[in-house]
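Trainee: Sending over a structure as structure tokens; questions will come in a sec.
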Amino acid sequence: SLASWAIIFRKRLVIGRARRNADQFENSFWSGGDLAQLYRAIEQRGGASGMASIFEFGFREFARLRQQGIIAAEQLLEGARRAMRVAQLKEIDRLEASLATLATVGSTSPYVGLFGTVWGIMNSFSAIAAQHNTTLAVVAPGIAESLFATAMGLLAAIPAVIFYNKFVNEIGRYTGRLEAFADEFSAILSRQLDEKAAR
């Protein structure tokens, strides 16, 4: 339970930071500045993640292929797209880290609680058999133990399931945003190539 809460708090910070960084990067990207200059600034800062890393990977591959003398637009664009897909997959892997633990806690904790419930009821029956008495004083400790085990299982499972679903949804939306950016950036590179070919 404590491990799942630690994952929940860390995941909230990581996903929140990723969204804020994407907002900041999009502001810089769409400000109308020179893309080569933006690339150099990101490269100098180092440690780019999220949307900035997709741009960095794509721009770097595009520039590398052009320096090698490749002039076919489709080859240039396909190389940039491949590089951006790699960056996107790395980012999604980073965001999805530890989600499997939350899913496991959410799915197994009720069974651990159920096991505790069965154990507590067995203790109650053992107490009845030992004392040949069915008063509340004999039965209550075992029932209390079983209810406590059930409560602890649910206390671990419910937040894990809620936050797992929330994070999966947020990561899905963020992934869509990264894909949309990669498509937009590919379109910009394609336009630049078309303009250069038309000259």
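Numbers in the numbering used here are just positions in the sequence shown, counted from 1, shifted up by 254.
C-beta atoms are modelled at their ideal positions from N, C-alpha and C, and glycine is treated no differently.
If you're wondering where the values come from, they're calculated on a predicted model, not measured in any experiment.
Give the straight-line distance between the Cα atoms of SER361 and ALA411, rounded to the nearest whole angstrom.
Mentor: Rounded to the nearest angstrom, the two C-alpha atoms are 7 Å apart.
Trainee: So, for ALA260: in the same chain, excluding its five sequence neighbours on each side, which residues have a beta-carbon less than 8 Å away from its beta-carbon?
Mentor: Cβ neighbours of ALA260 beyond the five flanking positions: none.
Trainee: Using a 10 Å radius around the Cβ and a threshold of 16 neighbouring Cβ atoms, would you call GLY286 buried or exposed?
Mentor: So GLY286 counts as exposed.
Trainee: Which first and last residues belong to the alpha helix (DSSP H) in which TRP373 is found?
Mentor: Looking at the DSSP string, the run of the alpha helix (DSSP H) that includes TRP373 is 353-385.
Trainee: Take ILE397 as the anchor and find which of GLY374, LEU408, VAL268 and VAL340 has the nearest alpha-carbon.
Mentor: Of the listed residues, the one whose Cα sits closest to ILE397 is GLY374.
Trainee: Let me make sure I understand the geometry here. Which of ASN387, ARG348, VAL415 and GLY430 has the alpha-carbon closest to that of LEU267?
Mentor: Checking every option, the nearest Cα to that of LEU267 belongs to ARG348.
Trainee: Exposed or buried, what is TYR293 when buried is set at 16 or more other beta-carbons lying within 10 Å of its beta-carbon?
Mentor: TYR293 is buried by the Cβ-count criterion.
Trainee: Just tell me which of ASP277, LEU289 and ALA302 has its CA closest to the CA of ASN345.
Mentor: Strictly speaking, residue 345 in this sequence is Glu, with Asn absent from that position. Comparing Cα positions, the closest option is ALA302.
Trainee: Using a beta-carbon distance below 7 Å, is ILE346 in contact with chain B?
Mentor: As a matter of chain content, chain B is missing from the structure shown, which is built from one protein chain.
Trainee: Closest to ASP277 by C-alpha separation, out of LEU432, LEU368 and GLN298, would be which residue?
Mentor: The option with the nearest alpha carbon to ASP277 is LEU432.
Trainee: Rounding to the nearest angstrom, what Cα-Cα distance links SER282 and PHE309 in this structure?
Mentor: Approximately 12 Å, taken between the alpha carbons.
Trainee: Taking ARG335 as the reference, which of ALA441, GLU449 and LEU447 has the closest Cα?
Mentor: Selected option, being the one with the closest Cα: ALA441.
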